[in-house]
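Peer 1: In our numbering, the protein residues as written are 8 to 201. Just so you know, even glycine gets a beta-carbon here, dropped at the ideal spot from N, CA and C. Since this is a predicted model, take the numbers as computed values, not measurements.
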Ligand code: GAR
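1) Below 8 angstroms between beta carbons: does that hold for residue 172 and residue 142?
2) Could you pull the start and end residues of the alpha helix (DSSP H) that residue 156 belongs to?
3) Would you identify the three-state DSSP class for residue 133, choosing helix, strand or coil?
4) Label residue 189 either buried or exposed according to how many other C-beta atoms from any shown protein chain fall within 10 Å of its C-beta, with 16 as the threshold for buried.
5) Of the choices 60, 37, 25, 82, whose alpha-carbon is the least far from that of residue 45?
6) If you compare alpha carbons, which of 155, 117, 43, 175 is closest to residue 69?
7) By Cβ distance, which residues of its chain are closer than 8 angstroms to residue 102, with the 5 residues on each side in sequence left out?
8) Is any heavy atom in the ligand GAR found nearer than 7 angstroms to the beta carbon of residue 168?
9) Using CA atoms only, rank isn't needed, just tell me which of 23, 104, 174 is closest to residue 192.
10) Under 8 angstroms by Cβ, that's how I've got residue 99 and residue 146 pegged, so tell me the actual separation to the nearest angstrom.
11) In angstroms with no decimal places, state the Cα-to-Cα distance between residue 40 and residue 180.
12) How close, in whole Å, do the beta carbons of residue 149 and residue 139 come, if the pair is a contact with beta carbons under 8 angstroms?
13) Compare the beta carbon distance of residue 110 and residue 118 with 8 angstroms and say whether it is the shorter of the two.
14) So residue 184 packs on residue 24, CB below 8 angstroms; how close in whole Å?
15) Am I right that residue 22 and residue 63 are in contact with their C-beta atoms under 8 angstroms? What's the rounded C-beta distance?
16) According to the neighbour-count rule (16 or more other Cβ atoms, all chains shown, within 10 Å of its Cβ), is residue 87 buried or exposed?
17) With a Cβ-Cβ cutoff of 8 angstroms, do residue 107 and residue 156 count as a contact?
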């Protein structure tokens, strides 16, 4: 059984999709959720699912302790599912090639510091982009610049708002993110085009 660690800051719909997918396909389980917001919805998911969680605070963050706790889970992958901080370099070095992120646009467009959630969808709409999508990529020391694993696209409609575009993007995320994780774990049950 593979062990996954999820870092998330928000509602946690991607975390939910990953948990549910691997309940149906029991090759992996979420062993730890790391969150930087004590009131984030993803913590309700952790509690309901009885998944251990760790709340981190930028002022008191102790990277060595976090790494120790992460290592004790022996993760096959560390999954950033809407985590809004830049991951400290020490954590990236401790888990080489094991950290992946999902971004709600077609990188290299609309990425970088401050580009998350509705800020990204706003930027896409303001730039009058005709399509947007998702990017799942490896994480390195530079924001949103690691090697791309998969991109999936959707149309941006003329009357789209950040909320309506976010909904379409979330559908793509919930479908592809668990399947890409499964693919990276090396035991795909479906064939996907990457
Ligand atoms: C997702 O759309 C994800 O792509 C985005 O945050 C959202 C989290 O939603 N991540 C970023 O913007 C990272 N730059 P969720 O809490 O419902 O899973």
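Peer 2: In this structure, then:
1) no
2) That residue, residue 156, is in no alpha helix (DSSP H); its beta strand (DSSP E) goes 155-162.
3) helix
4) buried
5) 60
6) 43
7) 77, 82, 85
8) no
9) 104
10) 6 angstroms
11) 18 angstroms
12) Actually they do not touch by this definition, with Cβ atoms about 22 angstroms apart.
13) yes
14) 6 angstroms
15) 16 angstroms between Cβ atoms; not a contact.
16) buried
17) yes
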